[in-house]
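Data block below; observations after.
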Amino acid sequence: MTLQKLDAEPHRRFNPLTQDWVLVSPHRTQRPWKGRTEVTDGAAAIAYDPQCYLCPGNQRAGGARNPNYTSTFVFTNDFAALKPDVEPARQDCSGRGLLLSESEAGTCKVVCFSPRHDLTLARMTVPEIVKVVDVWAEQYAEIGSQPYINYVQIFENRGEMMGCSNPHPHGQIWANQTIPNEPRKEHESQLAYLQKHSTCLLCDYLELERKATDRMVVENDHFVALVPFWAVWPFEVMLVSKRHTSDLVSLDSAERVALADIFKQLTTRYDNLFETSFPYSMGFHQAPTDGERYPEWHLHAHFYPPLLRSATIRKFMVGYEMLASPQRDITPELAATTLRNLPAAHYTAVKPR
Ligand SMILES: [Zn+2]
Ligand SMILES: [Zn+2]
Ligand SMILES: [Zn+2]
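Taking our numbering, the leading residue of the sequence shown gets 5, the next gets one more, and so forth.
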């Protein structure tokens, strides 16, 4: 394949200074841009929106029509950043990795959590969230079983501040051929720790945190939500399974209920913090799906919320943070105490909005 042709297809480019890769999706410029919409607190007031491309029965921008779904609904993104039918190619123009690019095959899916336009995970019931957990597990297994898929990234962007203009409760799954930067680094660290100490990094870490208790936010029988010792974002949280397991598929039904329960407990506290539908980017880190064994991988999810002091005051990662290192003022211990001490009931259930 010629460089021009490779440049027209989804590919990744290597940064020789940082050793990271950037995903490039040139075909995606055809995507409709709806413009910036009014900033709201993130949750919609109506159960069905005729203009929403995710509501049941509505037509999407690509022309397809959603079924009249009643719980969850998964479809392939109409303007996916990744696609399956990419001709394998690799270019290293300098021969020294200075202009190195590779084709990248993959797929992007959208997961609607509920037919109700006005709900969020925090406002859904635990049995409703269990259905979402089941879909995530099912999709991880199904997408991951495709020979060209080696890593499945499940995530949710919640709120306008995180670039998500549609309040309809939904998440995304991007899955691809290579292991992306963040999970690759976490894989290398977990493997090195296992080789050095013969134990799991996150199992050991969780034991320390459960003894210390000052960074714990909520806990149930099978999961823990805590502000990691090394947290960057003001109210960053990590969800960790108590049992050592590498993916969602291996969770039994009691663990799936516990995961749904801790999602609800955490997102409710997030909403209560500034009495707003709290924005965040959330995603799971699970073992790669390339058929290898990953005994060092410990299932967890990260929540990265941008808010700092109120519903509108956000933390920016600029200047020193972009160029040198992240920095924070409020300690992770204080953030955890603040979240832990918030009421367990959603603020909208306590007082009318
Ligand atoms: Zn909707
Ligand atoms: Zn572990
Ligand atoms: Zn992680």
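Glycine is no exception: its CB is placed at the ideal position from the N, C-alpha and C atoms.
* Asked: In the segment 182-251, which residue ranges form an unbroken beta strand (DSSP E) of at least 3 residues, counting only runs that do not cross its ends?
  -> If we require 3 residues or more, the beta strand (DSSP E) runs fully inside the segment 182-251 come out as 220-223, 227-230, 241-245.
* Any alpha helix (DSSP H) of 4 or more consecutive residues that is wholly inside the segment 82-127 -> Taken in chain order, the whole alpha helix (DSSP H) runs of length 4 or more contained in the segment 82-127 number zero.
* Buried or exposed for Gln-269, please, with buried defined as at least 16 other CB atoms from any protein chain shown within 10 angstroms of its CB. => Numbered from 1 along the sequence shown, position 265 holds the residue referred to as residue 269. With 16 or more Cβ atoms within 10 Å of its Cβ, Gln-269 is classed as buried.
* Compute the Euclidean distance between the alpha carbons of Cys-207 and Leu-125, then round it to the nearest angstrom. => In the sequence shown, the residue the question calls residue 207 occupies position 203. In the sequence shown, the residue the question calls residue 125 occupies position 121. Roughly 27 Å between the two C-alpha positions.
* Burial state of Leu-252, where buried means 16 or more other Cβ atoms lie within 10 Å -> The residue labelled residue 252 in the question sits at position 248 within the sequence shown. Residue environment analysis places Leu-252 among the buried positions, since at least 16 neighbouring C-beta atoms fall within 10 angstroms of its C-beta.
* Asked: Does any heavy atom of ligand 3 sit closer than 8 Å to the C-beta of His-289?
  -> Working through the sequence shown from its first residue, we reach residue 289 at position 285. Within the cutoff, so yes.
* To do: Give the range of the beta strand (DSSP E) segment to which Tyr-155 is assigned.
  => Against the sequence shown, residue 155 aligns to sequence position 151. 155-162 is the extent of the beta strand (DSSP E) around Tyr-155.
* Asked: Below 9 Å between beta carbons: does that hold for Pro-299 and Ser-250?
  -> Taking the first residue of the sequence shown as position 1, residue 299 is located at position 295. Taking the first residue of the sequence shown as position 1, residue 250 is located at position 246. Yes, the pair counts as a contact, with Cβ atoms nearer than the cut-off.
* Specify, as a first and last residue, the run of the beta strand (DSSP E) that Gln-176 falls within. => Your numbering for residue 176 matches position 172 in the sequence shown. Its beta strand (DSSP E) spans residues 174-180.
* **Straight-line Cα distance separating Ser-169 from Arg-40** => Within the sequence shown, residue 40 is the residue found at index 36, counting from 1. Within the sequence shown, residue 169 is the residue found at index 165, counting from 1. With a pLDDT of only 48 at Arg-40, under 50, the local geometry of the prediction cannot be trusted, and no value is derived from it.
* To do: Using 10 angstroms around the beta-carbon of Ile-183, count the other beta-carbons present and answer buried if the total reaches 16, otherwise exposed.
  => Along the sequence shown, read from residue 1 onward, the residue named residue 183 stands at position 179. Around the CB of Ile-183, 16 or more other CB atoms lie within 10 Å, so the residue is classed as buried.
* Asked: Among Lys-9, Glu-325, Ala-196, Asp-265, which one has its Cα closest to the Cα of Val-236?
  -> For the purposes of this step, residue 236 is identified with residue 232 of the sequence shown, where counting begins at 1. Measuring from the Cα of Val-236, the nearest candidate turns out to be Glu-325.
* Asked: By Cβ distance below 7 Å, which residues in the same chain neighbour Pro-20 in space, the five residues on each side in sequence not counted?
  -> Taking the sequence shown and counting its residues from 1, one reaches residue 20 at position 16. Hits under 7 Å: Gly-101, Leu-102.
* To do: Would you list the one or two residues that DSSP bridges to Trp-25?
  => Locating residue 25 in the sequence shown gives position 21, where the first residue counts as 1. Beta-bridge pairing links Trp-25 to Phe-18.
* Thinking just about the alpha-carbon of each residue, which of Ile-147, Arg-94, Asn-62, Asp-138 is nearest to the one in Lys-87? -> Start at 1 with the first residue of the sequence shown, and residue 87 comes out as number 83. Of the candidates Ile-147, Arg-94, Asn-62, Asp-138, the one whose C-alpha sits nearest the C-alpha of Lys-87 is Ile-147.
* Ala-339 vs Glu-240 beta-carbon contact at 9 Å -> Start at 1 with the first residue of the sequence shown, and residue 339 comes out as number 335. Start at 1 with the first residue of the sequence shown, and residue 240 comes out as number 236. It is a contact, given that the beta carbons lie within the stated cut-off.
* Write down the C-beta distance between Val-115 and Thr-80 rounded to the nearest angstrom, noting that I regard them as a contact closer than 8 Å. => Indexing the sequence shown from 1 puts residue 115 at position 111. Indexing the sequence shown from 1 puts residue 80 at position 76. Contact flag wrong, Cβ pair sits at about 11 Å.
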